[in-house]
Amino acid sequence: MLISPLVAAISMNPMLDAAIWFWVPLCAIPLGIWLSVSGKSKFWGKFLAVIGLILVMISSWTVPESDSSAGGHLILTISAPTILMCWGIQGMIFGGNVPVGRLDSSARWSGAVATFGAIGIFCLMHWYNLTPVWRDGLVNPFWIVFWPTFLLFSTSLCSAAALALKLYGSNRSTESLKLLFLSILMSVVAIMAMIFDGYLTTAAEFRDYLWLAAADIFGTLVGISLAIAAFAVVIWSYENSLSEPQDSSPPSPEEIEHVVSLAVSNIGGEEE
Amino acid sequence: MNQKRSSVAPIVFAALLPIIILVTIDIYLNSHFHNESFKRFGNAILTSYVIVGIILIGNLFFYADSRHRPMAPFVGMIFALAIGLLIGWALISNDDLLLEANSGLRAQMLSNIVHFLVSGTAMALASVLAIGATFAAITGRERGLLFEEE
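First to last, the protein sequences are chains A and B.
The opening residue of the first sequence carries number 1 in the working numbering; numbering runs sequentially from there.
The opening residue of the second sequence carries number 273 in the working numbering; numbering runs sequentially from there.
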């Protein structure tokens, strides 16, 4: 509410507002990451990405009339449990037997509590009054996109990781069972959401969106694979089109003499 | 040393199995297929193809210093991207094939991008949870002796 009146005062048209306050900052995030990762301008890259992310997250106040701002609003509302989960996982990993950066062993327990606490907060966002509310007391339309996709994909990945540990690891049954437990836990949460109504969403809505989440996951994976395949074909065909590099001419007698003199001056030493 | 030889197929199956089970339960509870899922599948393919294509073009730009910035891969990737955009434009604007609950082509494309942002965030967070839990499980065990003293 602090920003909206200012924006309203200089408002030109809704499309331009949405472009300035949502789409340009959204484009600034990958651009900033590229600049930072490429090492061309690390500080400005990070600065651009962070400013872009903040502007996207507050877009439901800067451009409330834009439907796209619901995406930014959702990212803002899930940021707290996301940070908690990342912190918890970092504690769980580095509180264990790692060669570098080892934390106190209590970090494993506090990390586990934080991770399961974050999953608990997500559950409360579905079944209790923490549900992201966007406009006019209505649920954020992207919450029902995020929640089933997260549940479905984490169930799937944990199951794959459990089997991978069992198949490729040596004597990893206990670790595999832990991941299987996590996969089953996420599945149970998904089944509960299919049966019991949420605070602002119904079980029927969740079931409908579970279909769409499955379609989203498969579609995204296929699309990413196609883009990488197209990239590989383009690079492969370009490299294929290059002519063979010419053989360099053999060294001249003067060059050989120079190399030999260098070698001789570096070989030897006093005998012990 | 006993070397294990395993294929990737069981892991792919393990990844698909929970999704298949949950969707089967969903069909049992709902007793119908969701028609919109085909549109969502198509939109997800096209959106992720175009966005990842743009990211890869960005990588070409930033990492091509050692190759004196050749133009041919740029042109090739922009052509590949243009094909994706063209197919997207044709399928969304033609006969309601990929148009979801949006007013038109532009609204659908912008909605697809925001949708990709949200579902991508969900998948990224799920990956952090699964990969993090895997590493946490691995590092949780006491380190065993590699070699016993003779």
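Note that CB positions come from ideal geometry on N, CA and C, so glycine has one too.
None of the values given here were measured: they were computed from a predicted structure.
If you measure from the CB of residue i, is any heavy atom of the ligand SAH nearer than 7 Å?
{"i": "residue 70 of chain A", "result": "Of the ligands one can find in the structure shown there are none, so the ligand SAH has no counterpart to examine."}
Are any of the Cβ atoms in chain A nearer than 8 Å to that of residue i?
{"i": "residue 382 of chain B", "result": "yes"}
{"i": "residue 296 of chain B", "result": "no"}
{"i": "residue 328 of chain B", "result": "yes"}
{"i": "residue 359 of chain B", "result": "no"}
{"i": "residue 405 of chain B", "result": "yes"}
{"i": "residue 376 of chain B", "result": "no"}
{"i": "residue 283 of chain B", "result": "yes"}
Taking C-beta to C-beta, are residue i and residue j nearer than 8 Å?
{"i": "residue 291 of chain B", "j": "residue 151 of chain A", "result": "no"}
{"i": "residue 230 of chain A", "j": "residue 287 of chain B", "result": "no"}
{"i": "residue 306 of chain B", "j": "residue 143 of chain A", "result": "no"}
{"i": "residue 402 of chain B", "j": "residue 86 of chain A", "result": "no"}
{"i": "residue 25 of chain A", "j": "residue 63 of chain A", "result": "no"}
{"i": "residue 344 of chain B", "j": "residue 149 of chain A", "result": "no"}
{"i": "residue 323 of chain B", "j": "residue 388 of chain B", "result": "yes"}
{"i": "residue 145 of chain A", "j": "residue 209 of chain A", "result": "yes"}
{"i": "residue 377 of chain B", "j": "residue 361 of chain B", "result": "yes"}
{"i": "residue 131 of chain A", "j": "residue 200 of chain A", "result": "yes"}
Between which two residues does the alpha helix (DSSP H) harbouring residue i extend?
{"i": "residue 76 of chain A", "result": "69-94"}
{"i": "residue 45 of chain A", "result": "42-57"}
{"i": "residue 28 of chain A", "result": "24-38"}
{"i": "residue 254 of chain A", "result": "253-266"}
{"i": "residue 366 of chain B", "result": "Unbroken run through residue 366 of chain B: none, as it is neither H nor E."}
{"i": "residue 197 of chain A", "result": "Element bounds for residue 197 of chain A: n/a, residue is neither H nor E."}
{"i": "residue 14 of chain A", "result": "14-18"}
{"i": "residue 230 of chain B", "result": "Residue 230 of chain B lies beyond the range of chain B shown here (273 to 422); nothing can be said about it."}
If we cut at 8 Å on Cβ distances, does residue i have a partner in chain E?
{"i": "residue 255 of chain A", "result": "Judged by its chain identifiers, the structure shown contains no chain E, and its protein chains are A and B."}
Is there at least one Cβ from chain B nearer than 8 Å to residue i's Cβ?
{"i": "residue 155 of chain A", "result": "yes"}
{"i": "residue 45 of chain A", "result": "no"}
{"i": "residue 218 of chain A", "result": "yes"}
{"i": "residue 224 of chain A", "result": "yes"}
{"i": "residue 42 of chain A", "result": "no"}
{"i": "residue 211 of chain A", "result": "yes"}
{"i": "residue 235 of chain A", "result": "yes"}
{"i": "residue 146 of chain A", "result": "yes"}
{"i": "residue 51 of chain A", "result": "no"}
{"i": "residue 187 of chain A", "result": "yes"}
{"i": "residue 75 of chain A", "result": "yes"}
{"i": "residue 34 of chain A", "result": "yes"}
Mind reading off the beta-carbon distance from residue i to residue j? Whole number of angstroms is fine, and I expect it under 8 Å.
{"i": "residue 72 of chain A", "j": "residue 319 of chain B", "result": "Their Cβ separation, rounded to whole angstroms, is 17 Å, which puts residue 72 of chain A and residue 319 of chain B out of contact at 8 Å."}
{"i": "residue 398 of chain B", "j": "residue 219 of chain A", "result": "That pair is no contact at about 16 Å."}
{"i": "residue 49 of chain A", "j": "residue 75 of chain A", "result": "In fact, because the Cβ distance is near 14 Å, the residues do not count as touching under 8 Å."}
{"i": "residue 155 of chain A", "j": "residue 176 of chain A", "result": "Wrong, their Cβ atoms sit about 15 Å apart, outside the cutoff."}
{"i": "residue 35 of chain A", "j": "residue 45 of chain A", "result": "3 Å"}
{"i": "residue 95 of chain A", "j": "residue 111 of chain A", "result": "6 Å"}
{"i": "residue 28 of chain A", "j": "residue 51 of chain A", "result": "7 Å"}
Taking just the CA atoms, how far does residue j sit from residue i?
{"i": "residue 147 of chain A", "j": "residue 214 of chain A", "result": "12 Å"}
{"i": "residue 167 of chain A", "j": "residue 252 of chain A", "result": "57 Å"}
{"i": "residue 181 of chain A", "j": "residue 348 of chain B", "result": "46 Å"}
{"i": "residue 65 of chain A", "j": "residue 309 of chain B", "result": "28 Å"}
{"i": "residue 408 of chain B", "j": "residue 243 of chain A", "result": "49 Å"}
{"i": "residue 21 of chain A", "j": "residue 246 of chain A", "result": "54 Å"}
{"i": "residue 140 of chain A", "j": "residue 236 of chain A", "result": "44 Å"}
{"i": "residue 413 of chain B", "j": "residue 90 of chain A", "result": "16 Å"}
{"i": "residue 259 of chain A", "j": "residue 248 of chain A", "result": "17 Å"}
{"i": "residue 264 of chain A", "j": "residue 254 of chain A", "result": "15 Å"}
{"i": "residue 31 of chain A", "j": "residue 39 of chain A", "result": "12 Å"}
{"i": "residue 172 of chain A", "j": "residue 301 of chain B", "result": "37 Å"}
{"i": "residue 358 of chain B", "j": "residue 299 of chain B", "result": "34 Å"}
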